[in-house]
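Visitor: Line by line, the protein sequences are chains F and Y. In terms of my numbering, the first sequence opens at residue 8 and continues consecutively. In terms of my numbering, the second sequence opens at residue 8 and continues consecutively.
There are 2 protein chains.
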Amino acid sequence: MNQEDPGFESDHNHQHCIAQALETAHTLCRTRHQRLTPVRELVLKLVWQNHQPLGAYELLPALADAGFNSAPPTVYRALEFLQEQGFVHRIASLNAYVGCPHPERPHRSGFLICRNCKRAVELNTHDVHSALKDSAATLGFEIEQEMVEVVGLCPDCRTSGADHAQ
Amino acid sequence: MNQEDPGFESDHNHQHCIAQALETAHTLCRTRHQRLTPVRELVLKLVWQNHQPLGAYELLPALADAGFNSAPPTVYRALEFLQEQGFVHRIASLNAYVGCPHPERPHRSGFLICRNCKRAVELNTHDVHSALKDSAATLGFEIEQEMVEVVGLCPDCRTSGADHAQ
DNA sequence: GATCATTATGTTATACTATAACAATCACTT
DNA sequence: AAGTGATTGTTATAGTATAACATAATGATC
Numbered sequence: 008m009n010q011e012d013p014g015f016e017s018d019h020n021h022q023h024c025i026a027q028a029l030e031t032a033h034t035l036c037r038t039r040h041q042r043l044t045p046v047r048e049l050v051l052k053l054v055w056q057n058h059q060p061l062g063a064y065e066l067l068p069a070l071a072d073a074g075f076n077s078a079p080p081t082v083y084r085a086l087e088f089l090q091e092q093g094f095v096h097r098i099a100s101l102n103a104y105v106g107c108p109h110p111e112r113p114h115r116s117g118f119l120i121c122r123n124c125k126r127a128v129e130l131n132t133h134d135v136h137s138a139l140k141d142s143a144a145t146l147g148f149e150i151e152q153e154m155v156e157v158v159g160l161c162p163d164c165r166t167s168g169a170d171h172a173q
Numbered sequence: 008m009n010q011e012d013p014g015f016e017s018d019h020n021h022q023h024c025i026a027q028a029l030e031t032a033h034t035l036c037r038t039r040h041q042r043l044t045p046v047r048e049l050v051l052k053l054v055w056q057n058h059q060p061l062g063a064y065e066l067l068p069a070l071a072d073a074g075f076n077s078a079p080p081t082v083y084r085a086l087e088f089l090q091e092q093g094f095v096h097r098i099a100s101l102n103a104y105v106g107c108p109h110p111e112r113p114h115r116s117g118f119l120i121c122r123n124c125k126r127a128v129e130l131n132t133h134d135v136h137s138a139l140k141d142s143a144a145t146l147g148f149e150i151e152q153e154m155v156e157v158v159g160l161c162p163d164c165r166t167s168g169a170d171h172a173q
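1. Hey, how far is the Cα of Ile98 of chain Y from the Cα of Glu153 of chain Y?
2. From Gln22 of chain Y to Ser142 of chain Y, what does the alpha carbon distance come to, in whole angstroms?
3. Per the contact definition of three or more C-beta pairs closer than 8 angstroms, is the segment 107-124 of chain F in contact with the segment 65-78 of chain F?
4. Skipping 5 residues on each side, what residues in its chain have a beta carbon closer than 6 angstroms to that of Leu101 of chain F?
5. Does Asn131 of chain Y come within less than 8 angstroms of chain F when only Cβ atoms are used?
6. Does the segment 76-96 of chain F touch the segment 44-60 of chain F, meaning 3 or more C-beta pairs lie closer than 8 angstroms?
7. Which stretch, first to last residue, makes up the alpha helix (DSSP H) that contains Leu29 of chain F?
8. So which residues of chain F does Leu146 of chain Y contact, with C-beta pairs closer than 9 angstroms?
9. Do Glu91 of chain F and Pro108 of chain F have their CB atoms nearer than 8 angstroms?
10. Might you give, ordered along the chain, the residues of its own chain that have their beta carbon closer than 8 angstroms to the beta carbon of Arg126 of chain Y, omitting 5 neighbours on each side?
11. Quick one: Cα of Glu156 of chain Y to Cα of Val155 of chain F, how far?
12. With respect to the alpha helix (DSSP H) encompassing His136 of chain Y, which residues constitute its N-terminal and C-terminal limits?
13. Rounding to the nearest angstrom, what Cα-Cα distance links Leu70 of chain F and Leu53 of chain F in this structure?
14. Report buried or exposed for Ala78 of chain Y, applying the criterion of at least 16 other Cβ atoms within 10 angstroms of its Cβ.
15. When you check each C-beta in the segment 83-107 of chain Y against every C-beta of chain F, which residues fall closer than 8 angstroms?
16. Check Arg165 of chain F in the structure and name its three-state DSSP category.
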């Protein structure tokens with residue numbers, strides 16, 4: 008469906024990203040008999056505002072502006088739901104949340120995170136998963152869940168001279 | 008040096024693990040002109056008590072028992088030092104810390120974490136790293152740091168019937 | 001050995017992240 | 001319209017981590 012995965016191209020039409028994410032979420036919720044309530048939809052939209060992972064507490068002011076209760080449980084519940092549906096991922100090393108461009112099917116998520124501009128891009132983890140599976144098999148370990156988070160410099164920040172020491 | 012990497016074998020001589028880790032740390036600190044102070048050594052020893060990652064706050068009581076100040080900054084400073092030296096790793100998905108069996112040289116760390124017995128085993132991430140490097144290269148991303156954390160069931164817990172739903 | 005700069009630790013306070021527990025409301029079925 | 005389950009509101013608190021400044025220990029230099 009979504010063929011053009013936005014990588015680190017800074018000039019993609021991000022409104023399109025957001026619109027598509029929301030539409031996909033609505034569709035999937037309908038077929039799954041789940042409810043994309045106003046607060047859930049708003050949180051999803053906020054998380055998608057850009058490709059930089061957002062902390063839960065960064066979302067609270069916007070919830071307040073929209074007239075919702077802005078206590079932490081509100082946003083955490085919404086995030087929990089969105090994660091269960093595969094609409095957002097949590098990035099453990101950042102305690103932050105980011106929209107998922109492929110919520111149609113559950114998948115192992117891996118991220119490239121730019122330490123300079125903070126953008127996070129989901130990567131195809133097929134080969135990574137194969138390697139992990141082999142290592143795990145050798146040790147007799149049964150994989151259930153994988154977290155792959157890679158920090159570094161995105162192409163934009165490399166070329167724009169932002170590549171000074173961390 | 009350390010040839011026998013403890014995997015998930017539950018019957019290895021763990022006193023040996025601890026003793027070796029401490030000795031290696033002392034040696035490396037000497038050559039690096041770093042100070043393995045009493046509180047740092049104690050934290051390292053505590054983290055090595057078993058192969059289960061420990062949270063920072065779990066270490067505080069033991070620090071108090073040993074007569075140290077047991078306020079959070081004490082343990083976080085020690086952990087920070089130990090991480091810088093490569094003696095321990097932080098596992099982001101658990102907010103916990105675990106001893107590193109190969110502190111001699113910096114390396115990318117990856118972990119297999121058993122959701123039942125909570126043990127964490129560091130795995131060889133050579134192939135995983137290759138796969139990540141390829142994916143990153145395609146996108147023009149420069150890798151600086153990799154976090155790979157895999158949750159599942161270790162061989163012991165699989166065979167002991169602990170493999171019921173999470 | 002006394003002085004000084006540096007590093008490490010003690011101490012208090014606070015920021016940040018996340019969840020428990022219970023009440024009130026909403027949405028859907030019957 | 002009533003009842004049931006899911007969702008949200010609300011208050012409180014647990015869990016993780018760091019800021020900021022004071023004190024003490026260490027190592028280099030005179």
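Don't be surprised by glycine CBs; every beta carbon is placed ideally from N, CA and C. Note that the structure is a prediction, hence the values are computed from the model and not measured.
Guide: Well, looking at it:
1. 12 angstroms
2. 41 angstroms
3. no
4. Pro60
5. yes
6. yes
7. His21 to Arg39
8. Gly14, Phe15, Leu119, Val128, Leu130, Cys161 and Pro162
9. no
10. Phe15, Asn57, His58, Gln59, Ile120 and Cys161
11. 7 angstroms
12. His133 to Leu146
13. 9 angstroms
14. exposed
15. Ala99 and Ser100
16. helix
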